[in-house]
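This report refers to the structure that appears directly beneath it.
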Amino acid sequence: KNEVEQSPQNLTAQEGEFITINCSYSVGISALHWLQQHPGGGIVSLFMLSSGKKKHGRLIATINIQEKHSSLHITASHPRDSAVYICALDQGAQKLVFGQGTRLTINP
Amino acid sequence: EAGVTQSPTHLIKTRGQQATLRCSPISGHTSVYWYQQALGLGLQFLLWYDEGEERNRGNFPPRFSGRQFPNYSSELNVNALELEDSALYLCASSLGVGNSPLHFGNGTRLTVT
Numbered sequence: 001k002n003e004v005e006q007s008p009q010n011l012t013a014q015e016g017e018f019i020t021i022n023c024s025y026s027v028g029i030s031a032l033h034w035l036q037q038h039p040g041g042g043i044v045s046l047f048m049l050s051s052g053k054k055k056h057g058r059l060i061a062t063i064n065i066q067e068k069h070s071s072l073h074i075t076a077s078h079p080r081d082s083a084v085y086i087c088a089l090d091q092g093a094q095k096l097v098f099g100q101g102t103r104l105t106i107n108p
Numbered sequence: 001e002a003g004v005t006q007s008p009t010h011l012i013k014t015r016g017q018q019a020t021l022r023c024s025p026i027s028g029h030t031s032v033y034w035y036q037q038a039l040g041l042g043l044q045f046l047l048w049y050d051e052g053e054e055r056n057r058g059n060f061p062p063r064f065s066g067r068q069f070p071n072y073s074s075e076l077n078v079n080a081l082e083l084e085d086s087a088l089y090l091c092a093s094s095l096g097v098g099n100s101p102l103h104f105g106n107g108t109r110l111t112v113t
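Listed below in structure tokens is the structure:
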């Protein structure tokens with residue numbers, strides 16, 4: 001069993017829809033990262049969470065440490081949100097373990 | 001503020017050769033991380049350098065090595081290249097204290113033929 005599982009693997013939605021991407025994990029962590037990777041390969045760090053909830057613009061990330069689960073939400077989705085979203089676990093000593101990613105496509 | 005820069009953007013080598021990839025962190029960042037993203041395998045942690053020392057490494061053979069220079073820039077060296085080393089190699093930097101955010105470069109795409 002993988003230490004980190006993301007769902008769904010692929011998600012296609014219409015512009016304006018509310019998007020939820022889930023990340024479940026089975027190990028203890030010191031923090032959880034949400035990353036965005038565009039087709040060219042560049043990665044942007046969206047959030048780093050160790051508890052609770054964070055919001056940045058239309059993006060919201062939540063984490064439940066007891067349930068070992070995190071979600072990334074996108075409100076009022078836009079075609080420019082199309083990317084691969086990756087959840088990564090920090091188990092300490094900066095050794096990240098990455099999920100397989102969720103490929104999001106937002107159609108106009 | 002300049003972001004994390006990686007060079008070269010693309011690198012083509014033949015099997016058995018050595019590859020050297022370079023990374024310059026954001027000014028003020030002391031930690032540099034290297035990751036490999038091979039086709040179909042997702043991102044994997046390779047190495048972490050902080051203050052010139054290797055602090056942690058992932059499950060990669062010793063032919064993957066690197067170093068961090070006094071100006072905190074870093075090199076990743078891959079010796080005796082194999083076809084399966086073909087991948088996007090990403091570098092990230094951070095302040096290296098507590099849980100500080102990562103800043104990624106655009107990567108070096110290494111192709112081994």
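Protein sequences appear in the order of chains P and G.
Okay, so the first sequence: first residue is 1 according to the working numbering, each after it adds one.
Okay, so the second sequence: first residue is 1 according to the working numbering, each after it adds one.
We put the beta carbon where it would ideally sit given N, CA and C, even for glycine.
Here the structure is a predicted model, which means the values were calculated and not measured.
Same chain only: Cβ atoms within 8 Å of residue i, ignoring 5 sequence neighbours per side
i: G16(G); result: A80 and L81
i: H69(P); result: N22, C23, S24, Y25 and I63
8 Å Cβ cutoff, residue i in contact with chain P
i: P25(G); result: no
i: P101(G); result: yes
i: R55(G); result: yes
Cutoff 7 Å; reference residue i; Cβ partners in own chain excluding five residues on either side
i: L83(G); result: R15 and V112
i: P108(P); result: E15 and P79
Residue-level contact to chain G via CB, residue i, 8 Å cutoff
i: I60(P); result: no
i: S45(P); result: yes
i: G52(P); result: no
Residues near residue i by beta carbon distance below 6 Å, same chain, minus five either side
i: N22(P); result: S7 and S71
i: I43(P); result: L35 and Q37
i: S73(G); result: S24
8 Å Cβ cutoff met for residue i and residue j
i: F33(P); j: D90(P); result: Note on residue identity: the sequence assigns His, not Phe, to residue 33(P). Yes, the pair counts as a contact, with Cβ atoms nearer than the cut-off.
i: P70(G); j: G52(G); result: yes
i: G57(P); j: G107(G); result: no
i: K95(P); j: F45(G); result: yes
i: L95(G); j: G105(G); result: no
Presumed contact (8 Å Cβ cut-off) between residue i and residue j, rounded CB distance
i: L43(G); j: Y35(G); result: 5 Å
i: R134(P); j: N10(P); result: With chain P represented from 1 up to 108, any question about residue 134(P) goes unanswered, as that position is not in the structure.
Inset, instruction - Let me know the beta strand (DSSP E) ranges lying completely inside the stretch 39 to 93 of chain P, each 3 residues or longer, listed in chain order. - result: 43 to 49, 52 to 56, 59 to 64, 69 to 74 and 83 to 90
Legend entry - Whole beta strand (DSSP E) elements within the stretch 11 to 68 of chain G, 3-residue minimum: 19 to 24, 31 to 38, 42 to 50, 53 to 57 and 64 to 68
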